[in-house]
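Peer 1: For the sequence shown, our numbering assigns the number 251 to the initial residue and increments by one for each residue that follows.
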Amino acid sequence: MAEDMGAISLRLSGSGSLKLDRVCFSALERDGEPTRLVDDCSFIARRGEFTVLIGPSGCGKTTLMKLAAGYLAPGAGTIELDGVPVMGPGSDRLLVFQETALFPWMTTLENVVYGPMVQRRKSLSEIRDEASSLLDKVGLGDFKNRYPRELSGGMQRRAELARALINDPLVLLMDEPFRGLDAMTRQLMQEYLAGLFEKTRTTTIFVTSEIDEAIFLADRLVVLKRSPTSVACEMSVDLPRPRKMDMLLGDEATRIKKAALDLLYTEAVSDFESGGQVSDIKEAYERRHAI
Numbered sequence: 251m252a253e254d255m256g257a258i259s260l261r262l263s264g265s266g267s268l269k270l271d272r273v274c275f276s277a278l279e280r281d282g283e284p285t286r287l288v289d290d291c292s293f294i295a296r297r298g299e300f301t302v303l304i305g306p307s308g309c310g311k312t313t314l315m316k317l318a319a320g321y322l323a324p325g326a327g328t329i330e331l332d333g334v335p336v337m338g339p340g341s342d343r344l345l346v347f348q349e350t351a352l353f354p355w356m357t358t359l360e361n362v363v364y365g366p367m368v369q370r371r372k373s374l375s376e377i378r379d380e381a382s383s384l385l386d387k388v389g390l391g392d393f394k395n396r397y398p399r400e401l402s403g404g405m406q407r408r409a410e411l412a413r414a415l416i417n418d419p420l421v422l423l424m425d426e427p428f429r430g431l432d433a434m435t436r437q438l439m440q441e442y443l444a445g446l447f448e449k450t451r452t453t454t455i456f457v458t459s460e461i462d463e464a465i466f467l468a469d470r471l472v473v474l475k476r477s478p479t480s481v482a483c484e485m486s487v488d489l490p491r492p493r494k495m496d497m498l499l500g501d502e503a504t505r506i507k508k509a510a511l512d513l514l515y516t517e518a519v520s521d522f523e524s525g526g527q528v529s530d531i532k533e534a535y536e537r538r539h540a541i
C-alpha cells in the first residue's frame with residue numbers, strides 16, 4: 251500500500267463540480283403505481299472534494315448515484331456538472347458499483363483498456379502503456395494478465411478503480427465499493443483510496459453505511475433521511491490530510507461521529523416504526539452508543 255502514486259496522470263483541473271438541485275425521482279411498482287424514492291434532494295459535490303453520502307439502509311443512496319451517473323433521469327429538479335445539465339451517462343462521470351463489474355472473460359489489463367479503446371481517443375499502444383502504468387501504481391502490475399476469478403476481493407476493487415481512473419473522469423462515483431470485503435482488506439482499501447485521492451484530488455462521491463469509513467474518507471459528509479430520501483444535514487470533516495486511521499480516535503472525529511449517528515438513529519427508528527427493517531445503522535448505534 252506504499253506505492254508511489256505521484257506519476258498517475260490525473261489532474262486537478264479535470265475535476266468537476268456536481269450539483270443536485272431539488273431532485274425528485276419515483277419508480278413504478280409492479281401494480282403500475284409510482285413510489286417516491288428521492289424527494290427534493292439538494293447538495294453539491296465541490297471540485298476536488300471527497301463527498302460521502304451516508305444514510306439508513308434502503309434510503310435511496312444507490313438511486314442517487316444512478317441519477318448522478320445519468321443512468322436515471324430525475325422526475326423533477328436538475329443535476330448539473332460544472333453548470334451543464336446531465337442528460338445521460340458519460341465518461342466525465344464514472345460509477346464504481348457495489349459488486350464487481352469486471353468482465354470475467356477479460357484479463358485485468360483488457361478490462362482496464364476497454365473503455366478508452368471503445369472511445370478511440372488514443373492509439374492502442376498509448377492506451378496499453380497508460381493502463382500498465384496505472385496498474386503498477388495500484389499494485390497490480392504483476393497481475394495484469396490474470397482473470398478476475400484469479401484476483402482477491404481487494405485486487406478486484408483496485409482493478410475497478412484503475413478501470414475508472416484511466417478515463418480521467420471529472421467526477422468519480424463509488425457506490426459502497428468495499429462492501430463484502432473482510433475487515434482488514436476493507437481498511438487497507440480505505441487507506442489506499444484516501445492516499446489516491448490526496449494525490450489526484452479527483453472530485454469523488456462515495457456511498458457507505460459505515461460511519462467510521464465515512465469520516466475517514468470525507469471532506470464533506472452528507473447525511474440522508476430515510477426513503478424518500480433528502481438531505482438531513484451536511485457536515486464538514488476537518489481532519490488533516492494525509493489521513494491516518496488513528497485520527498478516528500481523536501476528539502474531532504468523535505464529535506462528528508456522535509452528531510451523525512444521532513441523526514441516523516432518528517431516521518432509522520422512524521423507518522422501523524413505519525414498518526421498515528431494522529437498519530444496520532440503528533444496530534451499530536445501539537452497540538456503540540457510549541462513544
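Even glycine gets a Cβ: it sits at the ideal position worked out from N, Cα and C. Just so you know, these numbers come straight off a predicted model, no measurement behind them.
Taking the straight line between their C-alpha atoms, what separation do you get for residue 485 and residue 510?
Peer 2: Rounded to whole angstroms, residue 485 to residue 510 spans 8 Å at the Cα level.
Peer 1: Using DSSP bridges, identify the partner residues of residue 484.
Peer 2: According to DSSP, residue 484 bridges with 472.
Peer 1: Which same chain residues end up closer than 6 Å to residue 262 when comparing Cβ atoms and leaving out the 5 residues on each side of it in sequence?
Peer 2: Note that residue 262 has pLDDT 41, beneath the 50 cutoff, so the model's placement of it is unreliable and the number below is only indicative. Hits under 6 Å: 298 and 451.
Peer 1: Do the stretch 331 to 343 and the stretch 380 to 392 touch if we need at least three Cβ pairs shorter than 8 Å?
Peer 2: Touching, no, given that fewer than three Cβ pairs across the two stretches are closer than 8 Å.
Peer 1: Starting from the Cα of residue 439, find the closest Cα among 325, 396, 407 and 346 and give me that residue.
Peer 2: Cα-wise, what sits closest to residue 439 is 407.
Peer 1: According to DSSP, is residue 410 helix, strand or coil?
Peer 2: Helix.
Peer 1: Report the rounded CA-to-CA distance for residue 420 versus residue 501, giving the unit in angstroms.
Peer 2: Taking the straight line joining both Cα atoms gives about 34 Å.
Peer 1: Could you compute how far the alpha carbon of residue 381 sits from the alpha carbon of residue 346?
Peer 2: Those two C-alpha atoms are separated by around 17 Å.
Peer 1: If you run the structure through DSSP and keep just helix, strand and coil, what is residue 404?
Peer 2: Reduced to three states, the DSSP call for residue 404 is helix.
Peer 1: Helix, strand or coil for residue 330, going by three-state DSSP, please let me know.
Peer 2: Here residue 330 sits in strand by DSSP.
Peer 1: Quick check: the stretch 323 to 331 against the stretch 467 to 486, are there 3 or more CB pairs under 8 Å?
Peer 2: Because the criterion of three Cβ pairs below 8 Å is not met, the stretch 323 to 331 and the stretch 467 to 486 do not touch.
Peer 1: What is the rounded straight-line gap between the Cα of residue 354 and the Cα of residue 428?
Peer 2: Rounded to whole angstroms, residue 354 to residue 428 spans 19 Å at the Cα level.
Peer 1: Answer yes or no: do residue 295 and residue 317 have a C-beta to C-beta separation smaller than 9 Å?
Peer 2: Not a contact, by the Cβ cut-off of 9 Å.
Peer 1: Take residue 412 as the anchor and find which of 364, 280 and 483 has the nearest alpha-carbon.
Peer 2: When each option's Cα is compared against that of residue 412, the closest is 364.
Peer 1: From residue 309 to residue 373, what does the alpha carbon distance come to, in whole angstroms?
Peer 2: Whole-angstrom Cα-Cα distance: 43 Å.
Peer 1: Mapping DSSP to helix, strand and coil, what is residue 339?
Peer 2: Note: residue 339 maps to coil in three-state DSSP.
Peer 1: Who does residue 284 pair with in a DSSP beta bridge?
Peer 2: Beta-bridge pairing links residue 284 to 278.
Peer 1: Please determine, among 436, 377 and 426, the residue with the shortest C-alpha to C-alpha distance to residue 405.
Peer 2: Of the listed residues, the one whose Cα sits closest to residue 405 is 436.
Peer 1: Tell me residue 421's beta-bridge partners as DSSP assigns them.
Peer 2: The partner list for residue 421 (beta bridge, DSSP) reads 343 and 453.
Peer 1: Between residue 517 and residue 482, which are expected to be in contact by the criterion C-beta below 8 Å, what is the C-beta distance as a whole number of angstroms?
Peer 2: Going by Cβ atoms, the distance from residue 517 to residue 482 rounds to 7 Å, so yes, they are a contact pair.
Peer 1: Identify, in the order they occur along the chain, each residue of the same chain with its Cβ nearer than 8 Å to the Cβ of residue 271, setting aside the five sequence neighbours on each side.
Peer 2: 292, 327, 328, 329 and 330, listed in sequence order.
Peer 1: From the DSSP output, which residues share a beta bridge with residue 295?
Peer 2: According to DSSP, which records beta bridges pairwise, residue 295 is partnered with 268.
Peer 1: Alpha carbons only, please: which of 490, 362, 434 and 433 is nearest the one belonging to residue 397?
Peer 2: Measuring from the Cα of residue 397, the nearest candidate turns out to be 362.
Peer 1: Taking the continuous beta strand (DSSP E) assigned at residue 302, which residues delimit it?
Peer 2: Residues 300 to 304.
Peer 1: Short check: CB of residue 301 to CB of residue 471, under 9 Å?
Peer 2: Yes, the Cβ-Cβ distance between residue 301 and residue 471 is below 9 Å.
Peer 1: Going by the CB atoms, is the gap between residue 422 and residue 415 shorter than 9 Å?
Peer 2: For residue 415 and residue 422, yes; Cβs fall inside 9 Å.
Peer 1: Pull the bridge partners of residue 273 from the DSSP assignment, please.
Peer 2: The partner list for residue 273 (beta bridge, DSSP) reads 291.
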